[in-house]
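In this text, residue positions in the sequence shown follow the numbering used here: the first is 2, and each later residue adds one. Where a beta carbon is used, it is the ideal one built from N, C-alpha and C, also for glycine. Contents: one structure, followed by commentary.
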Amino acid sequence: MHTNPLDPLQLIPLSESELDELLKIEQSVYAKPWTRGNFLDAMKSNNWCQLLMNGSTLTGYFVAMMGFQEVHLLNLTVANDFQHKGHGLHMLESLVLMSKTVGAQWIWLEVRVSNERAFSVYDKFGFKKVGERKNYYPLTSHQREDAIIMSYRL
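Given below as C-alpha cells:
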C-alpha cells in the first residue's frame, strides 16, 4: 500500500478490527512487544488507544492512561518505515492537547535506558528525566533493563 504524502495525519481510536495491523508494527519494532491481550486490556480500561493514520495507512499509535490530574503514556510507537518523519512528535502534540482537555497537569512515561532514539525525541519535545526504575523492562527470561522516568508539565 502506498501512502500519499499530501494526506493529512489523523488520529482515530483503536478498535479490535485494527489490532492485527497494529500488532505487525508492534512486533517489528520491539524485541519484547505488547501482546494482543495487552492492547485489549488497555481498550477495556478506557485508556486512550489512538492510531495515527496517513490516509488509509497506519503509521503509528499510542496508549495513554488517565489518572488524577495526570496522564501516563504507556506505549508510543511509529512504524519502521515512518520513523524520523515527525510522526512521534505529532502524536505527542496530540497527547498534550488531549491531556489538557481533561485537566491533566503532567504527562509521565518510562523509556528503556537503551532506547536512545526515543529518549532523544521525548527530551527534544520537552520531557525531563526525573528518575529511574531498576529492572523495569524484561530483556530475556533472566535479564531486565532499567527505565528512565520522564515527565512533562502541562
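In the DSSP assignment, residue 65 forms a beta bridge with 49, 74. Cβ contact annotation for residue 13 (same chain, cutoff 8 Å, sequence separation greater than five): 51, 52, 54, in chain order. By the neighbour-count definition (other C-beta atoms within 10 Å, threshold 16), residue 131 is an exposed residue. Using a 10 angstroms sphere on the CB of residue 43, the tally of other CB atoms reaches 16 or more, which defines it as buried. Cβ atoms of residue 74 and residue 96 come within 8 Å of each other, at about 7 Å. Assignment of beta-bridge partners to residue 112 by DSSP yields 149. By the 16-neighbour rule on beta-carbons within 10 angstroms, residue 79 is buried.
With a beta-carbon spacing of about 11 Å, residue 27 and residue 59 fall beyond the 8 Å limit used to define contacts. Between the stretch 102-116 and the stretch 124-144, the count of Cβ pairs shorter than 8 Å is three or higher; the stretches touch.
Out of 17, 125, 32, the CA that lies nearest to the CA of residue 93 is found in 125.
Of the candidates 45, 48, 49, 62, the residue whose Cα lies closest to the Cα of residue 25 is 62.
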